[in-house]
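Below is one structure, written out as structure tokens, with a few remarks after it.
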């Protein structure tokens, strides 16, 4: 039994011109694949670990690679081709999510951008649903830490590998561009399911049967 | 530790900070500047590209300098412990970024100059004593640095208590505080991605051609003092 790299729901060039084909290909086939491979190694080692000490020693690998697998699996799904590529990326229609956004934020994009730019190191910026207050919040996670206290609605990868080849050091340009390929339909699905279930409907990173 | 002196209420508006070469530098708050690169942007090719060096120095490091100055200016106006504490992340991140990159440029050198050349001497002797061989040291440094989970730095550091050289890492832009920095290697993706993409081991193998062992030995001798 092992984890596998989920296929991308679109072609490597489908998010252009906002995220380049070169980035998408490296990001999916190399970076995410590496998390999957290492997660499998860590999981196997964990299941054969014979002491608490050995299991604890494996926690960092599980968090880093498990988080990497979860985060990227969510990421590919909350991106979609823009209209220039025949998709609906970037289109937020009136509905429960758009209403919740206007109730919760003066300017979602500006607040999200500020939070993302303030990450000191590698990490992710999230729009999340607080399952207790039922309100939307913006938060960040460091490195590949998964988002645990909020239900993930939209995640944006702020690791340099996510944008550097195209945007170089200008993170702000990446953050402006990515709104054109945000999959609001997926985001709204996560939001409505999160409201009714109180947990993430999430993304399937369960062990696949081989 | 010099950074902590920022938080003491001194009558003068300055603090003393020692840089890697132990020359005390008196700086007014908020007046840090980007140090000049000791070589041209293309001088570390083919091991580190001109494109990377130019962005890394004139954009990334400059941003840390600007951020540090801004944080120190805010510090100057801070009136409560809460304000001081709220400024700590900005000081650590930008101050660390400035310190780390300043050390980095100096511990690199063109391959046509000091880059990659480790002469017989106290540093080489210590590397062999503490790691078995110079190759073993490089191998370990690469393995440890590559295994950082996120952004950070790999360091050869001198442990003043045990008088030994050790390989340690710092996360993000945390400066190396518990050891004397001898060699630092930046493993943030901006340090290598444009040239090496996701293949960190290629970058880590290449960089040994431009490591300035002469500067490293200087730091080592000063640390041992």
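Chains as they are written, first to last, in the numbering used here: chain L, 1 to 210; chain H, 211 to 435. Think of the CB as a built atom: it goes at the ideal place given N, C-alpha and C, for glycine as much as any other residue. Computed from a prediction, not measured in an experiment: that's the story for all the values here.
So residue i and residue j are supposed to be a Cβ contact under 8 angstroms. How far apart are they, rounded?
| i | j | result |
| --- | --- | --- |
| residue 404 of chain H | residue 261 of chain H | 6 angstroms |
| residue 382 of chain H | residue 120 of chain L | 6 angstroms |
| residue 113 of chain L | residue 42 of chain L | About 34 angstroms; that fails the 8 angstroms criterion. |
| residue 90 of chain L | residue 170 of chain L | 20 angstroms between Cβ atoms; not a contact. |
| residue 150 of chain L | residue 175 of chain L | The Cβ separation is near 20 angstroms, so there is no contact. |
| residue 479 of chain H | residue 394 of chain H | Here chain H has residues from 211 to 435 only, and residue 479 of chain H is not among them. |
| residue 361 of chain H | residue 122 of chain L | 5 angstroms |
| residue 72 of chain L | residue 18 of chain L | Not quite, the Cβ-Cβ distance comes to about 18 angstroms (not below 8 angstroms), so this is no contact. |
| residue 315 of chain H | residue 248 of chain H | 6 angstroms |
| residue 146 of chain L | residue 70 of chain L | 5 angstroms |
| residue 155 of chain L | residue 124 of chain L | 5 angstroms |
| residue 10 of chain L | residue 81 of chain L | 5 angstroms |
| residue 365 of chain H | residue 379 of chain H | 7 angstroms |
| residue 160 of chain L | residue 266 of chain H | Rounded, the Cβ-Cβ distance is 12 angstroms, inconsistent with contact. |
| residue 138 of chain L | residue 115 of chain L | 5 angstroms |
Name the chain H residues that come within less than 7 angstroms of residue i, Cβ to Cβ?
| i | result |
| --- | --- |
| residue 172 of chain L | Neighbours of residue 172 of chain L on chain H: none; closest Cβ ~12 angstroms, over 7 angstroms. |
Which residues in chain L have a C-beta closer than 9 angstroms to the C-beta of residue i? List them in chain order.
| i | result |
| --- | --- |
| residue 398 of chain H | 121, 122 and 160 |
Could you list which residues in chain L have their beta carbon closer than 8 angstroms to that of residue i, in chain order?
| i | result |
| --- | --- |
| residue 381 of chain H | 121 |
| residue 335 of chain H | Simply none; closest approach about 34 angstroms. |
| residue 437 of chain H | Outside the shown range of chain H, which is 211 to 435, sits residue 437 of chain H, and nothing can be said about it. |
What residues of chain L sit near residue i, judged by a beta carbon separation below 7 angstroms?
| i | result |
| --- | --- |
| residue 265 of chain H | 168 and 169 |
What residues from chain H crowd round residue i, counting only those whose CB sits closer than 8 angstroms?
| i | result |
| --- | --- |
| residue 228 of chain L | Within the shown structure, residues of chain L are numbered from 1 to 210, placing residue 228 of chain L beyond reach of any answer. |
key: Near-chain L residues of the stretch 280–307 of chain H (beta-carbon distance less than 8 angstroms), N- to C-terminal order   = 299 and 303
Contained alpha helix (DSSP H) runs [length at least 4] in the stretch 229–314 of chain H, N- to C-terminal order = 260–265 and 272–287
request  = Mind listing, in chain order, the continuous beta strand (DSSP E) runs of no fewer than 3 residues lying wholly within the stretch 83–142 of chain L?
outcome  = 123–129 and 136–142
message = Counting only Cβ-Cβ distances shorter than 9 angstroms, please list the residues of the stretch 403–418 of chain H near chain L, keeping chain order.
response = 403, 404, 407, 408 and 409
request  = Closer than 7 angstroms, Cβ to Cβ, to anything on chain L: give me those residues from the stretch 360–371 of chain H, in chain order.
outcome  = 360 and 361
key: Entirely enclosed alpha helix (DSSP H) segments - the stretch 138–187 of chain L, minimum 4 residues   = 164–167 and 171–178
inquiry  = Going residue by residue through the stretch 350–379 of chain H, where are the continuous beta strand (DSSP E) segments of at least 3 residues, counting only ones entirely within it?
reply    = Taking 3 residues as the minimum length, the beta strand (DSSP E) runs contained wholly in the stretch 350–379 of chain H are 362–369, in order along the chain.
key: chain H contacts from the stretch 17–39 of chain L (Cβ-Cβ distance under 8 angstroms)   = 26, 30, 31 and 34
ask   = Between the stretch 36–64 of chain L and chain H, which residues of the former have a C-beta closer than 7 angstroms to a C-beta of the latter?
value = 60 and 64
key: Residues of the stretch 128–145 of chain L whose Cβ lies closer than 8 angstroms to any Cβ of chain H, in chain order   = 142, 143 and 144
inquiry  = Three or more C-beta pairs under 8 angstroms: does that hold for the stretch 11–31 of chain L against the stretch 76–86 of chain L?
reply    = yes
query = Taking one C-beta from the stretch 412–424 of chain H and one from the stretch 317–330 of chain H each time, how about it: are there three or more such pairs within less than 8 angstroms?
reply = Between the stretch 412–424 of chain H and the stretch 317–330 of chain H, the count of C-beta pairs closer than 8 angstroms reaches three or more; the two stretches touch.
query = Are the stretch 270–288 of chain H and the stretch 299–310 of chain H touching, with three or more C-beta to C-beta distances below 8 angstroms?
reply = Verdict: yes, contact present.
query = At a cut of 8 angstroms, does the stretch 91–103 of chain L reach the stretch 178–197 of chain L through at least three beta carbon pairs?
reply = The stretch 91–103 of chain L vs the stretch 178–197 of chain L: in contact.
inquiry  = With three or more C-beta pairs closer than 8 angstroms as the rule, is the stretch 334–349 of chain H touching the stretch 96–105 of chain L?
reply    = The stretch 96–105 of chain L, when compared against the stretch 334–349 of chain H, does not touch it at the 8 angstroms Cβ threshold.
key: Ranges of the beta strand (DSSP E) found wholly within the stretch 26–86 of chain L, counting only runs of at least 3   = none
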